[in-house]
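When we follow this note's numbering, the leftmost residue of the sequence shown carries the number 375, and every step to the right adds one.
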Amino acid sequence: MSKLLMFEKPVGMRDTLPHIYETKRKLKEAAAAEMRSWGYRFIETPALEYYETVGAASAILDRQLFKLLDQQGNTLVLRPDMTTPIARVAASKLLKERVPLRLAYSASVYRAQQREGGRAAEFEQIGVEMIGDQTVSADAELIALLVSVLKKTGMERFRLSLGHIRFTDELFRQILGTEERAQYLRRFLYEKNYVGYREHVKGLALSSIDQQRLLRFLDLSGELNCLEGAADLIEGGAGSEAIAELRSLYERLQEYGVAEYIQFDLPLVSHMSYYTGLVFEVYVDGAGTPAGNGGRYDHLLEKFGRPASATGFGLRVDVLLSALEQLEEEEKVHCILFSNERRIEAIQEARKRREAGEAVLLQDVAGLEDVDRFTETCKSVSFFVGKAASGREF
């Protein structure tokens, strides 16, 4: 094996060094504690799932799935998201319990990358799912919890952009007529290619009024008053119901005291095709990509034979870390250095200090090439070397 290959990692994989790991641990602990305080219970699912169930239901592009075969010839996938495995567990086991279910998770997900490009193929998510509650109150609770979690994890400047899938779908249905034409236009929105969107709309065989409706749709972003413009574009039906839902949601978010973090973005769509209503993205100052996303998915559990409404969100731990202005400094510990004849004393001293709650590193001096360089990394040092009756501390 060449030296280059020896130190290379697969595309999109990352190492986490000790000082970053410590910051990540505290961030996840703060988020988890807040989720528990709102009544959410944590759950774990296997890293490997069947392709024909979770893999097919996940809405992640097939080329982004890590696939492998088990010894029985079944195709497996590394879980590409957490919402779908939790839907599987809820449908098969948990919906027999108290409903609505409030579940939380902290786990890695895996999505294959074709080239490096700075995109992670493995990343940690922490999030929640509420299953079995179809109300706007459930969506409001999720967003209020999300704001609270962001604050607890040290995020000072952030915003949430809210859209609604049914509004977009109904507008495109009214104007374009077919799902194929709508899907083509929807792709520009997902890629945030608004120049391409405009050029495509101008080339469509539509009346000038309908072309203007599609172009004005891109401007439906900002404060609450942008919903007035949205209502003017739509001709009743599911689109008007979606606007009414967003108004009701905003009223509840005001009651939670989190409306200041909210803006509307009606052209917002997700690559996760299972969303059926509210969708949102989380933007944190200092991070170059969305720190999280979520929304309502009322048909996903049907794929596992147990229809139930649901809503949830997931946060990218790596993106939140990138937004922190300062990482945790690596914590120094007390070091005990010993020689062979004082080994028992040193072990007893280390045990006593650890039982008192102190972090202690125990090191045989025979294993050190440079004692001075090693002790520079210690908070303080006790020497149990030679024939002295007690350890010397520095």
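We put the CB at the ideal spot given by N, CA and C, even for glycine.
Going by Cα to Cα distance, which pick from Phe416, Ser535, Gly501 and His393 is closest to valine 691? Looking from the CA of valine 691, the closest CA among Phe416, Ser535, Gly501 and His393 belongs to Gly501.
Report the three-state DSSP secondary structure of leucine 640 (helix, strand or coil). Coil.
Provide the residue span of the alpha helix (DSSP H) that contains alanine 458, from first to last. Before going on, a small fix: residue 458 reads as threonine here, not alanine. First-last of the alpha helix (DSSP H) with threonine 458: 457 to 466.
Beta carbon of alanine 616, beta carbon of glycine 651: below 9 Å? Yes, the pair counts as a contact, with Cβ atoms nearer than the cut-off.
Going by DSSP in three states, asparagine 667 sits in which element: helix, strand or coil? Asparagine 667 carries a strand assignment under DSSP once its states are collapsed to helix, strand and coil.
Pull up the distance between the alpha-carbon of serine 595 and that of glutamate 732, whole angstroms please. C-alpha separation (whole angstroms): 53 Å.
Starting from glutamine 487, trace the beta strand (DSSP E) both ways and give me its first and last residue. In the DSSP assignment, glutamine 487 falls outside any beta strand (DSSP E), carrying neither H nor E.
Within the same chain, show all residues whose beta-carbon is closer than 6 Å to that of tyrosine 571, passing over the 5 residues directly before and after it, in chain order. Closer than 6 Å at the Cβ level, and outside the excluded window around tyrosine 571, lie Phe562.
Thinking serine 511 and arginine 587 are a contact (beta carbons under 8 Å), I'd like their distance in whole angstroms, please. In this structure serine 511 does not touch arginine 587 by the C-beta definition: roughly 32 Å separates them, more than the 8 Å allowed.
Short of 6 Å in beta carbon distance, which residues of its chain neighbour lysine 526, apart from the five on each side in sequence? Order them along the chain. Result list for lysine 526: Ala404 and Glu408, in chain order.
For a quick check, are the C-beta atoms of proline 454 and leucine 439 less than 9 Å apart? For the pair proline 454 and leucine 439, the CB atoms are nearer than the 9 Å cut-off.
Which complete alpha helix (DSSP H) runs does the stretch 534 to 606 hold, if anything under 4 residues is left out? Here the runs fully enclosed are 539 to 550, 553 to 564, 568 to 576 and 582 to 591.
In whole angstroms, what separates the C-alpha of alanine 446 from that of glycine 429? One detail in the question is off: residue 446 reads as glutamine in this sequence, not alanine. If you take the alpha carbons of glutamine 446 and glycine 429, they lie about 18 Å apart.
Can you tell me where the alpha helix (DSSP H) holding valine 521 begins and where it ends? Residues 510 to 526.
Alpha carbon to alpha carbon, how far is arginine 462 from proline 641? Straight-line Cα distance between these residues: approximately 30 Å.
Going by beta carbon distance, what residues of the same chain come within less than 7 Å of methionine 375, once the five residues before and after it are set aside? Note that methionine 375 scores a pLDDT of 49, beneath 50, so its modelled location is shaky; the value from the coordinates is reported in the next line. Hits under 7 Å: none found.
Is it true that the stretch 385 to 402 meets the stretch 697 to 716, where meeting means three or more beta-carbon pairs spaced less than 8 Å apart? The stretch 385 to 402 vs the stretch 697 to 716: in contact.
So, are the CB atoms of leucine 580 and phenylalanine 591 less than 9 Å apart? No, the pair does not count as a contact, with Cβ atoms beyond the cut-off.
Using only alpha-carbon positions, find the residue among Gly506, Leu516, Ala481 and Leu711 that is nearest to glutamine 499. Minimum Cα distance to glutamine 499 is reached at Ala481.
Here's the rule I'm using: 16 or more other beta-carbon atoms within 10 Å means buried, otherwise exposed. How should asparagine 714 be labelled? Exposed is the label assigned to asparagine 714, since fewer than 16 other Cβ atoms lie within 10 Å of its Cβ.
Bridge partners of methionine 504, per DSSP? Beta-bridge pairing links methionine 504 to Arg476 and Thr685.
Which value, in whole angstroms, describes the spacing of the CA atoms of aspartate 744 and glutamate 723? Distance between the alpha carbons of aspartate 744 and glutamate 723: 23 Å.
In the DSSP assignment, the beta strand (DSSP E) including aspartate 738 goes from what residue to what residue? For aspartate 738, the enclosing beta strand (DSSP E) begins and ends at 734 to 738.
Hey, how far is the Cα of tyrosine 649 from the Cα of leucine 550? In a straight line, the C-alpha of tyrosine 649 is about 21 Å away from that of leucine 550.
For glutamine 446, name the three-state secondary structure that DSSP assigns. Glutamine 446: coil per DSSP, three-state reduction.
Can you give the Cα-Cα distance for glutamate 597 and aspartate 639, rounded to whole angstroms? Glutamate 597 and aspartate 639 have their alpha carbons spaced roughly 9 Å apart.
Rounded to whole angstroms, how far is the Cβ of glycine 686 from the Cβ of glycine 668, which I believe are closer than 8 Å? Cβ-Cβ separation between glycine 686 and glycine 668: approximately 6 Å, consistent with a contact (criterion under 8 Å).
Roughly how many whole angstroms lie between the Cα atoms of glutamate 418 and leucine 536? For the pair glutamate 418 and leucine 536, the Cα-to-Cα distance works out to about 29 Å.
So serine 354 packs on threonine 458, CB below 8 Å; how close in whole Å? Beyond the ends of the chain as shown, which are 375 and 768, falls residue 354; an answer cannot be given.
Looking only at DSSP bridge pairs, what is lysine 441 linked to? Lysine 441 is bridged to Val451.
Proximity of histidine 538 and valine 653 at Cβ, strictly below 9 Å: Their beta carbons are under 9 Å apart, which means histidine 538 touches valine 653 by this criterion.
Under 9 Å between the Cβ atoms of glutamate 515 and methionine 529? Their beta carbons are not under 9 Å apart, which means glutamate 515 does not touch methionine 529 by this criterion.
Determine the extent of the beta strand (DSSP E) in which leucine 711 is found, giving its start and end residues. According to the DSSP assignment, leucine 711 belongs to the beta strand (DSSP E) that extends over 708 to 712.
According to DSSP, is methionine 375 helix, strand or coil? Residue placement at methionine 375 cannot be trusted, given a pLDDT of 49 that sits under 50; the coordinates are not used to answer.
Rounded C-alpha distance that separates serine 411 from valine 483: When rounded, the separation of the alpha-carbon atoms in serine 411 and valine 483 is 25 Å.
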